[in-house]
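Some notes on the structure that comes next.
Structure follows, in structure tokens:
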């Protein structure tokens with residue numbers, strides 16, 4: 004028989020009794036720093052998925068922090084540890100996925116390239132069968148090259164006698180006019196108002212006549228003559244003027260002379276360009292002095308007419324290009 008009735012609890016064991024350990028009043032709660040670190044690393048690894056170290060460390064710290072939380076009453080940091088493990092794991096998985104995607108998109112091995120080339124070749128071989136029923140494409144028309152127009156023919160008078168800027172000189176009485184340098188042939192248009200002799204004589208560098216006595220008349224004069232057509236002396240350098248009144252002289256290229264084409268009416272001295280073929284011209288002259296017509300173009304000038312006073316007659320003309328000079332004191336025609 005027991006000394007104590009069964010309804011009473013057993014007495015405590017002999018010896019000193021200690022109450023359960025409790026946190027002192029007012030002390031700060033126990034912290035689980037590993038759980039906090041796991042949570043922070045989980046967040047970092049989620050935003051920097053390619054950095055695997057924070058994710059792995061976050062998982063490890065989360066597991067250790069979770070174990071430490073189980074040893075405390077109440078568990079401290081358990082939620083942070085679980086959240087850190089989850090976030091770190093998600094960051095680790097995302098990082099692995101990104102690396103695989105980058106590596107898979109950039110590495111196209113030889114087998115893949117060969118497969119692509121084979122597929123392109125197969126597609127190219129099948130193309131004729133697909134287009135068998137389609138009409139053949141016409142070849143593209145070749146561009147038509149525009150023909151460059153030929154350059155205009157050279158002026159035969161410029162080639163034969165050259166060109167220069169016309170020169171005009173005015174004066175009164177006797178004088179000497181300098182001719183354009185280097186010009187061996189040109190036409191001279193002169194006007195004189197006076198009562199005595201008016202003469203124009205071409206001189207060379209030694210002041211000797213070249214044989215071109217362009218004008219020799221009395222009183223007023225208006226006409227055009229040419230030098231260098233059949234000169235016998237040296238190159239022309241100057242023009243000697245004999246006059247008793249006012250005069251004006253213009254020296255111009257033979258290429259600027261008017262063209263002579265039958266029928267034509269003129270008066271006094273004249274210089275013309277002829278570009279036609281061989282022909283027969285009929286001249287008339289209604290003056291009282293010398294009437295002479297020369298055609299210059301060959302080695303020897305062709306004397307077409309040389310008469311005194313009135314004249315009417317037909318003469319042969321050579322083909323041009325040539326310069327025709329007329330000496331007259333009255334009206335004349337050619338037809």
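Residue numbers (the numbering used here): 4 to 338. Positions of the beta carbon are idealized from the N, C-alpha and C atoms, including for glycine. All figures in this text were calculated on a predicted structure; none of them were measured in a lab.
Residue 325 is bridged by DSSP to 277. By the C-beta criterion, the stretch 206-219 is judged not to be in contact with the stretch 158-168, since fewer than 3 inter-stretch pairs fall below 8 Å. Sequence-distant Cβ neighbours of residue 245 in its own chain, meaning closer than 7 Å and more than five residues away, are 177, 200, 201 and 202. Taking 8 Å as the cut-off, the beta carbon of residue 283 is found no closer than this to the beta carbon of residue 336. About 3 Å separates the CB atoms of residue 188 and residue 231; that is less than 8 Å, so the two are in contact.
According to DSSP, residue pairing for residue 286 in a beta bridge involves 316 and 337. A straight line joining the alpha-carbon of residue 161 with that of residue 257 spans about 8 Å. The DSSP-derived three-state label of residue 303 is coil. Per DSSP, the beta-bridge partners of residue 170 are 254. Taking the CA atoms as reference points, residue 242 sits about 13 Å from residue 219. Around residue 278, the same chain offers 323 and 324 as residues with beta carbons nearer than 6 Å, after the five sequence neighbours per side are excluded. The beta-carbon separation of residue 213 and residue 236, rounded to 4 Å, stays under the 8 Å limit for a contact. The shortest CA-to-CA distance from residue 240 to any of 261, 163, 210 and 174 is the one to 210. Within the same chain, Cβ atoms closer than 6 Å to the Cβ of residue 158 are found at 258, the five residues on either side in sequence being excluded. For residue 161, the enclosing alpha helix (DSSP H) begins and ends at 159-164.
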